[in-house]
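Enquirer:
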Amino acid sequence: MRWIFFIQALFLGIFVSCYESIAAERNNRYEIRFDTPASMLRGNDWMGANDPEWESQSLPLGNGSIGANVLGSIQAERITLNEKSLWRGGPGTSGGAAHYWDANKESAKFLPEIYRAFSEGNPKKAAELTSKNFNGLVPYESRKDKAFRFGCYTTAGELRIWTGLDSASVTDYHRTLTLDDAVARVSFLSKGVRYEREYFISYPANVLVMRFRADHRGRQNLKLEYSENPVAEGMVKPYGNDGLEYLGRLSDNQMEFSLRMRMTVQGGSFSNKNGSLVVSGADEVVFFLSADTDYKMNYSPDYNDPEAYVGVNPSETTASWVNDAVIKGYDALLCEHLSDYSSLFGRVELSLAESYEAIDLSTPERLRRYRSGFSDPGLEELYYQYGRYLLIASSRPGNLPANLQGIWHNDIDGPWRVDYHNNINVQMNYWPSCSTNLTECATPFFEYVLSLVVPGERVARSYYGARGWTASISGNPFGFASPLADEEMTWNLCPMAGPWLATHL
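All residue numbers for the sequence shown refer to my numbering, where the first residue is 1 and numbers rise by one.
Printed below as a string of structure tokens:
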């Protein structure tokens with residue numbers, strides 16, 4: 001038995017060392033901070049107009065695959081969820097694979113006439129010919145009467161964790177995101193009790209971890225509920241006596257996805273009923289959540305196969321990740337997360353300020369002062385490191401690249417479909433990757449470019465009568481490389497998108 005106690009002591013020493021490392025490395029120079037709680041609820045719809053605090057108040061977490069935004073509300077914590085491959089559209093839409101890939105016009109035959117119009121000094125005619133013949137067959141917008149072929153990035157739903165606490169009784173509130181360790185924290189006093197929450201998303205374990213505790217025993221009375229994406233069809237089912245799984249499909253392309261949750265509870269009691277996890281009188285509660293879809297990148301798709309981009313069983317992967325996480329436990333997961341994340345974030349130090357008097361102010365107050373003309377080089381350091389943080393959180397090897405919103409989205413649709421803009425935006429996401437010593441984070445971008453080559457060969461032949469390949473302005477995870485249906489060529493015609501993307505390889 002002596003060897004068991006030796007191993008336990010060894011692991012305890014490792015965890016203590018890890019916590020000491022976290023405390024030593026944590027630096028409120030690199031801390032985004034709010035001193036007032038965000039609103040608990042969004043508006044009544046899922047189209048963003050009634051959700052202004054999500055963008056201005058939430059704290060974004062991510063591991064390149066799973067994204068979450070923490071609002072830090074009192075009565076009910078609200079967390080928006082994302083899985084980066086959860087996309088509408090593609091060859092699985094109702095029109096079928098052949099309909100999805102029927103995106104190109106045979107436009108190359110009009111090139112001689114366009115050349116002739118230019119040579120004859122008639123640019124108006126050349127523009128008209130281009131506008132009518134060099135757009136594509138796939139609309140950018142969704143239409144009720146037709147399959148949404150191009151698709152859009154869409155939310156994975158939301159969590160509410162009801163606490164039973166009254167916002168009016170709260171004082172000394174702080175909500176922070178510390179860039180040194182990629183951990184979000186919420187802390188406040190209520191009726192003499194200090195409540196604390198911690199959140200992080202582990203890349204090695206592929207789980208979102210959330211811990212709720214207080215400095216008095218038995219104060220955790222929680223109810224976790226999940227709200228599904230309105231364009232999905234699924235069901236929340238119990239997973240053992242301490243977990244839930246939501247297994248659903250997007251209604252337009254039948255993409256399958258799974259969100260799986262389990263919890264560990266110290267003290268008190270818990271139950272799993274009516275699609276909710278309920279905890280009463282606990283000292284500490286840790287929630288583990290993972291998400292996945294059936295998506296798999298395809299570099300040479302079969303244009304007749306509606307499942308060309310299907311290759312994963314998300315129910316199996318999420319079960320494996322969550323079960324492994326519960327076995328490891330909070331302490332080991334945090335140490336593993338810190339080791340992984342700090343190996344990237346800790347490579348660069350930027351020092352601009354001689355002193356840091358403003359770091360005790362909330363970030364909104366620092367921004368207000370900065371706009372009023374106050375000098376705050378420390379805020380400029382924070383801004384620089386926040387950019388590095390966002391790239392790490394939204395782009396890691398083995399995943400899709402960062403999209404127009406990185407990885408974070410709170411709606412069923414969004415601006416420009418929250419897509420991959422091949423004219424400049426997806427490239428801009430990665431321009432800092434080398435100069436800020438995060439080269440590994442660009443790997444998903446390179447894989448995305450390679451996935452466009454074979455579909456892009458069809459585009460080159462159809463539109464330009466050319467060998468090789470190219471893409472156009474907007475891309476998705478399903479190999480879309482064609483121009484869109486819009487006849488406005490000032491933005492839709494982007495024949496050099498392929499070569500432009502290739503220069504980054």
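Think of the CB as a built atom: it goes at the ideal place given N, C-alpha and C, for glycine as much as any other residue. Please read these numbers as outputs of a predicted model, since none were measured by experiment.
What are the partner residues of Glu-158, as DSSP defines its beta bridges?
Expert: DSSP lists Thr-80, Ser-227 as partners of Glu-158.
Enquirer: For Gln-405, count the other beta carbons within 10 Å of its own beta carbon; 16 or more makes it buried, fewer makes it exposed. Which is it?
Expert: Classification of Gln-405: buried, given that the 10 Å Cβ count is 16 or more.
Enquirer: Which residues mark the beginning and the end of the beta strand (DSSP E) in which Leu-379 is found?
Expert: First-last for Leu-379: 377-394, but that is the alpha helix (DSSP H), not the beta strand (DSSP E).
Enquirer: Put Ser-276 into one of helix, strand or coil per three-state DSSP.
Expert: Looking at Ser-276 - three-state DSSP - the assignment turns out to be strand.
Enquirer: By Cβ distance, which residues of its chain are closer than 6 Å to Phe-110, with the 5 residues on each side in sequence left out?
Expert: These residues qualify, in order along the chain: Leu-129, Asn-133.
Enquirer: Whole angstroms are fine: how far does the CA of Tyr-463 sit from the CA of Thr-36?
Expert: Taking the straight line joining both Cα atoms gives about 55 Å.
Enquirer: So, at 6 Å on beta carbons, what are the nonlocal neighbours of Ile-74 in its own chain, with the 5 sequence-adjacent residues on each side left out?
Expert: If we look at Ile-74 and ignore the five residues flanking it on each side, its Cβ neighbours are Pro-37, Leu-165, Ser-167, Val-170.
Enquirer: Are the CB atoms of Arg-396 and Thr-436 within a distance shorter than 8 Å?
Expert: No, the pair does not count as a contact, with Cβ atoms beyond the cut-off.
Enquirer: Quick one: which unbroken beta strand (DSSP E) runs of 3-plus residues sit fully inside the stretch 97-167? Chain order, please.
Expert: Here the runs fully enclosed are 158-162.
Enquirer: What is the DSSP secondary structure of Met-428, counted as helix, strand or coil?
Expert: Met-428: helix per DSSP, three-state reduction.
Enquirer: Quick check on the DSSP output: the alpha helix (DSSP H) that includes Val-459 runs from which residue to which?
Expert: Taken as a continuous stretch (DSSP letters only), the alpha helix (DSSP H) holding Val-459 covers 453-464.
Enquirer: Check the DSSP bridge columns for Gly-243 and list the partner residues they point to.
Expert: Answer by DSSP bridge pairing, in chain order: Arg-262.
Enquirer: So which of Ser-433, Ser-56, Leu-505 has the shortest CA-CA distance to Leu-506?
Expert: This structure gives no information on residue 506, because the portion of the chain shown stretches from 1 to 505.
Enquirer: Per the DSSP calculation, Gly-62 is bridged to which residue(s)?
Expert: Looking at the DSSP assignment, Gly-62 forms a beta bridge with Gly-67.
Enquirer: From Phe-287 to Met-263, what distance separates their C-alpha atoms?
Expert: Roughly 4 Å separates the two Cα atoms.
Enquirer: How many Å lie between Val-326 and Asn-241 at the Cα?
Expert: About 13 Å.
Enquirer: Give the range of the beta strand (DSSP E) segment to which Tyr-309 is assigned.
Expert: Tyr-309 -> no beta strand (DSSP E), and no H or E assigned at all.
Enquirer: Short of 6 Å in beta carbon distance, which residues of its chain neighbour Ala-205, apart from the five on each side in sequence? Order them along the chain.
Expert: Closer than 6 Å at Cβ, skipping near neighbours: Ala-325, Leu-333.
Enquirer: Taking buried to mean at least 16 other C-beta atoms within 10 Å of its own C-beta, is Asn-272 buried or exposed?
Expert: Looking at its Cβ environment, which holds 16 or more other Cβ atoms inside 10 Å, Asn-272 is buried.
Enquirer: Check for me: the alpha helix (DSSP H) holding Ile-327 runs from which residue to which?
Expert: Start and end: 314-345.
Enquirer: Among the residues of its own chain, which have a CB less than 6 Å from the CB of Ala-308, if the five just before and after it don't count?
Expert: Correct list, in chain order: Pro-91, Asn-298, Pro-301, Asp-302.
Enquirer: Report the three-state DSSP secondary structure of Gln-220 (helix, strand or coil).
Expert: Reduced to three states, the DSSP call for Gln-220 is strand.
Enquirer: Which residues mark the beginning and the end of the alpha helix (DSSP H) in which Ala-497 is found?
Expert: 497-502 is the extent of the alpha helix (DSSP H) around Ala-497.
Enquirer: Are the stretch 413-428 and the stretch 459-474 touching by the rule of at least three beta carbon pairs closer than 8 Å?
Expert: Counting Cβ pairs under 8 Å, three or more are found: they touch.
Enquirer: Tell me which residues share the same chain as Gly-67 and place their Cβ nearer than 6 Å to its Cβ, disregarding the 5 neighbours each side in the sequence.
Expert: Around Gly-67: Asn-82, Ile-407, Trp-408.
Enquirer: Please classify Tyr-115 as buried or exposed, where buried requires at least 16 neighbouring CB atoms within 10 angstroms.
Expert: Result: exposed.
Enquirer: Applying the criterion that 16 or more other CB atoms from any shown protein chain within 10 Å of the CB defines a buried residue, is Ala-98 buried or exposed?
Expert: Under this definition Ala-98 is an exposed residue.
Enquirer: Going by DSSP, what residue range makes up the beta strand (DSSP E) through Met-235?
Expert: Unbroken beta strand (DSSP E) run through Met-235: 232-238.
Enquirer: What's the call for Leu-501, buried or exposed, on a 16-neighbour Cβ count within 10 Å?
Expert: Buried.
Enquirer: Let me make sure I understand the geometry here. Which of Thr-176, Arg-88, Ile-161, Ser-119 has the alpha-carbon closest to that of Tyr-386?
Expert: For Tyr-386, the nearest C-alpha among the options comes from Thr-176.
Enquirer: With Thr-363 as the anchor, note down where its alpha helix (DSSP H) starts and where it stops.
Expert: Start and end: 363-371.
Enquirer: Between the stretch 237-254 and the stretch 180-200, are three or more C-beta pairs nearer than 8 Å?
Expert: Short answer: they don't touch.
Enquirer: Using the rule of at least 16 other Cβ atoms within 10 Å of the residue's Cβ for burial, across every protein chain shown, is Tyr-341 buried or exposed?
Expert: By the neighbour-count rule (16 or more Cβ atoms within 10 Å), Tyr-341 is buried.
Enquirer: Pick out whichever of Ala-319, Asp-51, Asn-304 has its Cα sitting closest to the Cα of Asp-102.
Expert: Residue Asn-304 is the option with its Cα nearest to Asp-102.
Enquirer: Using DSSP bridges, identify the partner residues of Arg-197.
Expert: Partner(s): Val-186, Phe-212.
Enquirer: CB-CB under 7 Å to Leu-222, same chain, minus the five flanking residues each way: which ones, in chain order?
Expert: So the list reads Ile-161, Trp-162, Thr-163, Phe-212, Val-279, Val-285, once near-sequence residues are dropped.
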